[in-house]
Structure formats: C-alpha cells, structure tokens
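Numbering follows the working numbering, in which position 145 of the sequence shown is assigned residue number 186; successive positions increment by one, without gaps.
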Amino acid sequence: MATSTIKEIYSVWAIPPEDVCNRLSSLMTTLGSEFRGPHFEPHMTVVGAIELTPDDALNKLRSACEGVKAFEVTVDRVATGTFFYQCVYLLLHPTPQIVETNAHCCSHFGYANSSPYMPHVSLLYGDLTDEEKQKAQERANILDNTLSGLSFQISRLALYKTDTKDKTLKSWEKIAECTLTPN
Numbered sequence: 042m043a044t045s046t047i048k049e050i051y052s053v054w055a056i057p058p059e060d061v062c063n064r065l066s067s068l069m070t071t072l073g074s075e076f077r078g079p080h081f082e083p084h085m086t087v088v089g090a091i092e093l094t095p096d097d098a099l100n101k102l103r104s105a106c107e108g109v110k111a112f113e114v115t116v117d118r119v120a121t122g123t124f125f126y127q128c129v130y131l132l133l134h135p136t137p138q139i140v141e142t143n144a145h146c147c148s149h150f151g152y153a154n155s156s157p158y159m160p161h162v163s164l165l166y167g168d169l170t171d172e173e174k175q176k177a178q179e180r181a182n183i184l185d186n187t188l189s190g191l192s193f194q195i196s197r198l199a200l201y202k203t204d205t206k207d208k209t210l211k212s213w214e215k216i217a218e219c220t221l222t223p224n
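(1) Since Asp204 and Ile50 are thought to touch, with beta carbons under 8 Å apart, how far apart are those beta carbons, to the nearest angstrom?
(2) With a threshold of 7 Å on Cβ separation, who are the neighbours of Asn154 within its own chain once the five nearest residues in sequence on each side are excluded?
(3) So within the segment 133-182, which uninterrupted alpha helix (DSSP H) runs reach at least 4 residues, ignoring any that extend past its ends?
(4) At what residues does the alpha helix (DSSP H) containing Gly73 begin and finish?
(5) Between the C-alpha atoms of Gly73 and Ala55, what's the straight-line distance to the nearest angstrom?
(6) Roughly how many angstroms lie between the CA atoms of Leu191 and Val162, to the nearest whole one?
(7) Find the nearest neighbour of Leu131 within the set Leu65, Ala217 and Asp207, judged by alpha-carbon distance.
(8) Give a yes or no on whether the C-beta atoms belonging to Ser52 and Tyr201 are separated by under 7 Å.
(9) Report the rounded CA-to-CA distance for Pro61 versus Asp96, giving the unit in angstroms.
(10) How do the segment 135-145 and the segment 105-112 stand: do at least 3 beta-carbon pairs fall below 8 Å, yes or no?
(11) Which stretch, first to last residue, makes up the alpha helix (DSSP H) that contains Cys128?
(12) Could you give the distance in angstroms between the alpha-carbon of Leu221 and the alpha-carbon of Ile195?
(13) Name the DSSP beta bridge partners of Trp213, please?
(14) May I ask you to report which of helix, strand or coil DSSP gives Ala111?
(15) Which partner residues of Ser192 appear in the DSSP bridge assignment?
(16) Taking all protein chains shown into account, do 16 or more other C-beta atoms lie within 10 angstroms of the C-beta of Val88, making it buried, or fewer, making it exposed?
(17) Are there 16 or more other CB atoms within 10 angstroms of the CB of Ala199, so buried, or fewer, so exposed?
(18) Around the Cβ of Thr86, are there at least 16 other Cβ atoms within 10 angstroms (buried) or fewer (exposed)?
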C-alpha cells in the first residue's frame, strides 16, 4: 500500500459524550440557520490546524492518546470571540487536566500555540458584526439557559482533516478517533 507524502491540514478535537453532542448539535443547528453559519460537530480543539502527511497525523494521534486520561470539563459561560472560528462559543474552565492535555498533545504533534490556550466549544462559526454576535450569544442562552456550569467527561480524541481555507467546512472529515484511558 502506497503512503501519501502529500501534506494536509489536521486538527485534534476532544469529543463530548453523545448526550452532550446531541444537545449542543441541536443548539448549533438553530444558531447556524438563524445566523448563516456552517454546520460542524461539537468539539473542543486540542491541537489547532497543523500540516502533516496522513500517516504522520495518524501516528501522532495514536502516540498522543496513549498518555492521556479521560478528563472533566465545565462550562463557564456562553461567550463571543473576535474571529470566524471563535464567533460564539462555550468558554470552559481551564483546569490543569485540560491545559496538560493540550500541552501533551501539542508536543506530540510539534504544534506551537501562537497564543495562550483557551479551551472552548464553538457553537457558531461566522464573520458577524459585534451586534450580531451579541444577538447570537443571547439567543444561545435563551435556547439553552442551563449551559453555564454544565460539566461532562471527555473520553475521546479525534483526528479531523480541517482545511481552514474552506469556510463552508464541507471538506472537513473525521479521520480517526481514540478512546482515552478511564480516570
């Protein structure tokens, strides 16, 4: 079997449990249709977009997952950001486990964060005005007013192909997933 030497853009995502994914997907679908945002799966980015060959990306995911235990995350609040991929999101408490998981995985992938890690789960991607973001944030709180304080366990990391130039996200796809060691 030939191995590809063509590099593509990959990211590592922490995947919430199915019940939380379903809850967030419903909210994300409503926000996406009301504010013209693309559809994407609920996730917390652990390693941002990095260019790798397919084999290298898979090998790095597998080796990174070996050293990571499942961990809890807790939502602080619904917040807004300043760029497309952080338009409206759930800001998460940056617990030592989350920060260590990010540092561990980034070191395995050779990824250098350009800014301090801010754990979050995006609800809406888009290039909205500040006023539109405020409306989307308010709408998210109305649609699900129990998000603040929501806690759940992350027990899966997934490798996604994420061409950041594709703002429709239609080319994004899950490549592999691993289950983390239980706590």
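Here a beta-carbon is modelled for each residue, glycine too, at the ideal position from N, C-alpha and C.
Taking the geometry as given:
(1) 5 Å
(2) Shown here for Asn154: same chain residues with a beta carbon closer than 7 Å to its own, the five before and five after excluded, namely Cys147 in chain order.
(3) 137-150
(4) Glu59 to Glu75
(5) 21 Å
(6) So the alpha carbons of these two residues sit roughly 12 Å apart.
(7) Leu65
(8) yes
(9) Looking at the sequence provided, one finds Val at residue 61 rather than Pro. C-alpha separation (whole angstroms): 31 Å.
(10) Flag = yes, the segment 135-145 and the segment 105-112 touch.
(11) Secondary structure note for Cys128: it is in no alpha helix (DSSP H), with a DSSP letter that is neither H nor E.
(12) 8 Å
(13) Trp213 pairs with nothing; no bridge assigned.
(14) coil
(15) Thr115
(16) buried
(17) buried
(18) buried
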